[in-house]
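Chemist:
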Amino acid sequence: MGKLSTHVLDTTQGRPASGVRVDLYAIENDQRTLIKTTHTNSDGRCDEPLLQGQAMHTGVFELVFHAGDYFAASGVALPEPRFVDQVGIRFGIADANANYHVPLVVTPWSWSTYRGS
Numbered sequence: 001m002g003k004l005s006t007h008v009l010d011t012t013q014g015r016p017a018s019g020v021r022v023d024l025y026a027i028e029n030d031q032r033t034l035i036k037t038t039h040t041n042s043d044g045r046c047d048e049p050l051l052q053g054q055a056m057h058t059g060v061f062e063l064v065f066h067a068g069d070y071f072a073a074s075g076v077a078l079p080e081p082r083f084v085d086q087v088g089i090r091f092g093i094a095d096a097n098a099n100y101h102v103p104l105v106v107t108p109w110s111w112s113t114y115r116g117s
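For the sequence shown, full-length UniProt numbering begins at 1 and goes up steadily by one.
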């Protein structure tokens, strides 16, 4: 079976983003169901895969990264309202046997992602 993982990189400070809250939702018929809430560790990664084993299945999912709270806790001066606050990435898993890695590269002003493995 495959797995779903993530990590967060803070390119403002040039380091992994530690302590970022990450929510994982399943999306079905435009309804979001919270599957898991976790936080990134000192390496900017979660301590375990977000999905693995029998929990890994095809479908549409959304990761929500609480980046604004992370930057505020890091002492970064932010405008109110925050330009980047909660970053939502909606994606599909087509093959439950594959590894999906959905990283977030983020600053208070921008973010990007890509599909890793």
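Backbone N, C-alpha and C define an ideal beta-carbon position, used for all residues, glycine too.
All values derive from a computational prediction rather than experimental measurement.
Assuming residue 49 and residue 4 form a contact by the criterion Cβ under 8 Å, report the distance between their Cβ atoms to the nearest whole angstrom.
Modeler: Your pair residue 49 and residue 4 checks out as a contact, with CB atoms roughly 6 Å apart and the cut at 8 Å.
Chemist: For a test of the three-state rule: what should DSSP assign to residue 44, helix, strand or coil?
Modeler: coil
Chemist: Please list the terminal residues of the continuous alpha helix (DSSP H) segment that includes residue 68.
Modeler: 67 to 73 is the extent of the alpha helix (DSSP H) around residue 68.
Chemist: Pairing CB atoms from the stretch 30 to 38 with CB atoms from the stretch 72 to 84, are three or more of them under 8 Å?
Modeler: no
Chemist: Just how far apart, CA to CA, sit residue 43 and residue 16?
Modeler: 5 Å
Chemist: Roughly how many angstroms lie between the CA atoms of residue 28 and residue 88, to the nearest whole one?
Modeler: Rounded to whole angstroms, the separation of the alpha carbons of residue 88 and residue 28 is 16 Å.
Chemist: Straight-line CA distance for residue 52 to residue 2?
Modeler: 6 Å
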